[in-house]
Amino acid sequence: MAKINIDNFVKNYGDVKAVRGASFEIADGEFVALLGPSGCGKSSTMRSIAGLEEISSGMISFDDKPVNDVRPRDRNVAMAFETYALYPTLNIYENIAFPLRSANWPSEKVDERVRDIAHRMELESILNSLPSELSGGQAQRAGLARALVREPAVFLLDEPISHLDTRQRYRMRQFIKHIHMELGYTMIYVTHDQEEAMALADRIVVMHEGVVRQIGIPDEIYNHPADDFVAGFVGEPPMNFIEGSIARVDEKWVFQTKGQMVVLPEHWQSYGQKMPAQVKLGIRPFYIDVTLDPQQPYDLQGEVFLSENLQDNCTVSLDIDDLRLTVVTTPAFRPARHEKIYLKFNPAYIRFFDLQTGKAIRPQ
Amino acid sequence: MIELRNVSKIYGQSTIALRNLNLQIQDQEFFVVYGPAGAGKSTTMRIIAGITRPTQGDVLRDGVSLLNVAPENRDMAMAFENYALYSHMSVYENLAFPLKASKYSKQEIEEQVQRVARILQISDLLDRRPGFLSGGQRQRVSLGRAIVRPSSLYLLDEPIGHLDAKLRHRMRAELKAMAVDMNATVALVTTASREALALGDRIAILRDGILEQVGTPQEIYSLPQNEFVASFVGEPPMSFLDVEPVRGDGRTALHIQGSDIHLPISPRVAQSLNGDLSGYRLGVRANELSITGQQDDSHQTPGSVDVIEPLGYCNIISVKVGDGTIRVVVDPTTRPEVNETVWLSMDGENIHLFHNEQAIVHPMRSQKVKLNNNIHA
Chain A
847 MAKINIDNFV
857 KNYGDVKAVR
867 GASFEIADGE
877 FVALLGPSGC
887 GKSSTMRSIA
897 GLEEISSGMI
907 SFDDKPVNDV
917 RPRDRNVAMA
927 FETYALYPTL
937 NIYENIAFPL
947 RSANWPSEKV
957 DERVRDIAHR
967 MELESILNSL
977 PSELSGGQAQ
987 RAGLARALVR
997 EPAVFLLDEP
1007 ISHLDTRQRY
1017 RMRQFIKHIH
1027 MELGYTMIYV
1037 THDQEEAMAL
1047 ADRIVVMHEG
1057 VVRQIGIPDE
1067 IYNHPADDFV
1077 AGFVGEPPMN
1087 FIEGSIARVD
1097 EKWVFQTKGQ
1107 MVVLPEHWQS
1117 YGQKMPAQVK
1127 LGIRPFYIDV
1137 TLDPQQPYDL
1147 QGEVFLSENL
1157 QDNCTVSLDI
1167 DDLRLTVVTT
1177 PAFRPARHEK
1187 IYLKFNPAYI
1197 RFFDLQTGKA
1207 IRPQ
Chain B
1354 MIELRNVSKI
1364 YGQSTIALRN
1374 LNLQIQDQEF
1384 FVVYGPAGAG
1394 KSTTMRIIAG
1404 ITRPTQGDVL
1414 RDGVSLLNVA
1424 PENRDMAMAF
1434 ENYALYSHMS
1444 VYENLAFPLK
1454 ASKYSKQEIE
1464 EQVQRVARIL
1474 QISDLLDRRP
1484 GFLSGGQRQR
1494 VSLGRAIVRP
1504 SSLYLLDEPI
1514 GHLDAKLRHR
1524 MRAELKAMAV
1534 DMNATVALVT
1544 TASREALALG
1554 DRIAILRDGI
1564 LEQVGTPQEI
1574 YSLPQNEFVA
1584 SFVGEPPMSF
1594 LDVEPVRGDG
1604 RTALHIQGSD
1614 IHLPISPRVA
1624 QSLNGDLSGY
1634 RLGVRANELS
1644 ITGQQDDSHQ
1654 TPGSVDVIEP
1664 LGYCNIISVK
1674 VGDGTIRVVV
1684 DPTTRPEVNE
1694 TVWLSMDGEN
1704 IHLFHNEQAI
1714 VHPMRSQKVK
1724 LNNNIHA
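Chains as they are written, first to last, in this note's numbering: chain A, 847 to 1210; chain B, 1354 to 1730.
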């Protein structure tokens, strides 16, 4: 196990700048997710930590020792990829034992270790099976077991479960969390799936176009996104954004958009004059109350585009002029297309972003 | 109406892609084919389109066999996941192609291409060649080409699977609204539970080439016929516990394996038990349960917290109960400690019960779905 420091790390492929100066620290035993869309630099970062890529500049250290010039196999890093290539002619026991035998472990030690990891990974009943006889989930667990058997300093997982179906994904998520809780490895998990990152990681590093946009625990990333990219990328259905301006009306600070307005929540009022004139209001689909009754107090009005009954909730798409918003409500509320609908924002969950820079505005 | 009658498809000597499939797609219906990889979903679409010939069985439209009708004469529009765009044509020309082929006027072509491009948010890409598009953009062009012109049936194989979350949500709603507005008949393949529930008037669930269940989203969700359907529809997936019935004092309870918990069940649920003593599993949905730190009248089943997954708008708590695990969705402020004892609101009336993987009873509120559907049928 090791703590890892990434210091001003840059990775270029020719003219392509994959990572533009990333710095962060991963504590010993911490579970960190590198999250972002394809091309954000997350895989380059992970491959550089593993030593599979030479870094362009900056420093990567394990336990305060630079590893820039340490060969991959001497870094004691274990990796698991989505494609878990098991050796087809070896049974699962021998597949798991392979890294230990290569490292010349004595055979009784090998046996002890293989049986221990097989027990933890629920593979005992299939140790004598060939890879071709396993289900997808079993093969994946066997691949993980082989990666983990050598007690690595760092365990790297690159989209290990993204091609599984929903049931298997939930099961594997639980499983990976167990591995971390029981073995306590430092783990780095690369994914484009925000829900996986939220569910699994102690902390999340959100990347976009080679830049680290935010580092934080899941709660911070979700509730206090640093900018509109993080806000829109994390959470499903995605956060609603409304562009507009801040103005003073009837001695209150308000947000104006599409000829309508939202009075700023109480805790924003004293901050109103410090806000940029042009902003983006962000609010998640879970934090908007909707009604068909215009007599109820409301912030904005729109027209129903479509109600989708997902059984455990109803997802309402609605339009305010050319702006489409999404609201998640109870399955019993299913307004018809083109009905007038009235929105009330939960003031605690309203976020503002600078329209120019995209940076979050925080009242203080 | 499109009908698949006893359709089987065997590739090579023995790879069975579909096994004796019977399906009916009604006119103006949004019909979703849902299942895991290898279920036979795409094969089903290709057989309807006429690209693949069934090994056995028949495909009919309004009672007339289509087997000897060439794909181009079936009046069906297709968007398949790997359906190639014309690489030497611009996006505009790709979208215009089906309209040109049916002799639309220049002005009609312009209107329809612009309309579809607006809906799919590709208006700014019309001059580009497919080679300069991202996967998600190509997928939208492919979908656009399928829906640009009226057709008796739209066959869409994972048409929005490659889009990012924001676009996928938007396009899902656009697709449904368009189908409703045009009274279109649509058959759509998906591997996403929420997409199936949101889009389908009816959903067919396939596994390993076999039709597991077909019904409205409400039926599929509330009255799953077996454990596979129950676990595959809805998110988080339904949780299951092995149980054995125990009778005494004229009452029946379910003993949860690996624990000393006996869950009393109602006479209605008890009636569903057959003579067997084993092979029973109970199923509960994560959003239909609650947990408390202290035992009370409605929280009587103890368990220990195994894993906490914070998703922002909710936390998913996995609770070990006996040999099994139950997932519960709670609000984000509820954050018990790992290994802490919590109490679950399990209720012997509101459970799904399965015997040898087949459903034998559903919660009382699900029964209302059945009644409602019978009234409306």
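We put the beta carbon where it would ideally sit given N, CA and C, even for glycine. In this text, all values refer to a predicted model and were calculated from it rather than measured experimentally.
Please list the partners that residue i has in chain B, where partner means a Cβ-to-Cβ separation under 8 Å.
i: A:PRO1084; result: ALA1518, LYS1519, HIS1522
Confirm, please, whether the CB-CB distance from residue j to residue i is below 8 Å.
i: B:LEU1508; j: B:GLN1492; result: no
i: A:GLU1082; j: B:ALA1518; result: yes
i: B:PRO1512; j: A:THR1012; result: no
i: B:MET1354; j: B:ASP1380; result: yes
i: B:ASP1649; j: B:CYS1667; result: no
i: A:MET892; j: A:LEU1002; result: yes
i: A:LEU1152; j: B:ALA1526; result: yes
i: A:ILE906; j: A:PHE944; result: no
i: B:VAL1385; j: B:ILE1556; result: yes
i: B:ARG1718; j: B:ASN1703; result: yes
i: B:PRO1442; j: B:ALA1499; result: The question names Pro, but residue 1442 of chain B in the sequence shown is Met. For B:MET1442 and B:ALA1499, no; Cβs fall outside 8 Å.
i: A:ARG1019; j: A:LEU990; result: no
i: B:LEU1607; j: B:SER1698; result: no
i: A:SER894; j: A:LYS857; result: yes
i: B:GLU1693; j: B:SER1651; result: no
i: A:ALA896; j: A:MET925; result: yes
Anything in chain B within Cβ reach of residue i, meaning under 7 Å, just list it in chain order.
i: A:SER1163; result: ALA1526
i: A:GLU979; result: Within chain B, no residue comes near A:GLU979; the closest Cβ sits about 16 Å away, beyond 7 Å.
i: A:THR1172; result: HIS1522
i: A:GLY1078; result: LYS1519
By how many angstroms is the C-alpha of residue j removed from the C-alpha of residue i?
i: B:GLY1601; j: A:THR1176; result: 41 Å
i: A:ALA985; j: B:PHE1450; result: 45 Å
i: B:LEU1635; j: B:GLY1646; result: 23 Å
i: B:GLU1356; j: A:GLN1202; result: 55 Å
i: A:GLU876; j: A:ILE1025; result: 12 Å
i: B:VAL1444; j: B:TYR1457; result: 18 Å
i: B:ILE1728; j: B:GLY1388; result: The predicted position of B:ILE1728 is uncertain, since its pLDDT is 47 and thus under 50; no value can be drawn from it.
i: B:GLN1467; j: B:ARG1523; result: 18 Å
i: A:VAL1162; j: A:ILE852; result: 43 Å
i: B:ASN1373; j: B:ARG1502; result: 33 Å
i: A:LYS1205; j: A:ALA1072; result: 6 Å
i: B:VAL1637; j: B:PHE1581; result: 14 Å
i: A:ASN1192; j: B:LEU1550; result: 28 Å
i: A:TYR939; j: B:PRO1598; result: 38 Å
Secondary structure at residue i, three-state DSSP: helix, strand or coil?
i: A:ARG1208; result: coil
i: B:LYS1529; result: helix
i: A:MET892; result: helix
i: B:GLU1565; result: strand
i: B:ARG1688; result: coil
i: B:PRO1617; result: strand
i: A:MET967; result: coil
i: B:ASP1676; result: coil
i: A:ILE942; result: helix
i: A:GLU1185; result: coil
i: A:TRP1114; result: helix
i: B:ARG1427; result: coil
i: B:VAL1494; result: helix
i: A:ASN980; result: A quick correction: the sequence has Leu, not Asn, at residue 980 of chain A. Looking at A:LEU980 - three-state DSSP - the assignment turns out to be coil, as it is neither helix nor strand.
i: A:LYS1120; result: helix
Check the Cβ of residue i against every Cβ in chain A and list those closer than 8 Å, keeping chain order.
i: B:THR1544; result: ASP1011
i: B:SER1671; result: GLN1020
i: B:SER1584; result: ARG1013
In chain B, which residues lie less than 9 Å from residue i when you measure between Cβ atoms?
i: A:LYS1044; result: Inspection of the sequence shows that residue 1044 of chain A is occupied by Met rather than by Lys. Near A:MET1044 (Cβ distances below 9 Å), the residues of chain B are GLU1662, PRO1663, LEU1664, GLY1665.
Can you pull the chain A residues whose beta carbon is under 7 Å from the beta carbon of residue i, in chain order?
i: B:PHE1707; result: Within chain A, no residue comes near B:PHE1707; the closest Cβ sits about 15 Å away, beyond 7 Å.
i: B:ASN1703; result: Neighbours of B:ASN1703 on chain A: none; closest Cβ ~15 Å, over 7 Å.
i: B:PRO1503; result: By Cβ distance, chain A contributes nothing, its closest Cβ being about 20 Å from B:PRO1503, past 7 Å.
Would you mind telling me which residues of chain C sit closer than 7 Å to residue i, beta carbon to beta carbon, in chain order?
i: A:LEU1156; result: No chain C appears in this structure, whose protein chains are A and B.
Could you tell me which chain A residues have their CB closer than 9 Å to the CB of residue i, listed as they occur along the chain?
i: B:ALA1530; result: PHE1151, LEU1152, SER1163, ARG1183
Could you name the residues of the segment 1085 to 1116 of chain A whose beta carbon sits closer than 8 Å to any beta carbon of chain B, in the order they occur along the chain?
none
Contact list for the segment 1116 to 1135 of chain A against chain B, Cβ threshold 9 Å
ARG1130, PRO1131, PHE1132, TYR1133
Below 8 Å between beta carbons is the criterion; list the residues of the segment 1570 to 1604 of chain B that meet it against any residue of chain A, in chain order.
PRO1570, GLN1571, TYR1574, SER1575, SER1584, PHE1585, GLY1587, GLU1588, PRO1589, PRO1590
Using Cβ-Cβ distances below 9 Å, what residues of the segment 1057 to 1076 of chain A are close to chain B?
ILE1063, PRO1064, ASP1065, ILE1067, TYR1068, ASN1069
Taking beta-carbon pairs under 8 Å, can you tell me which members of the segment 858 to 870 of chain A lie near chain B?
none
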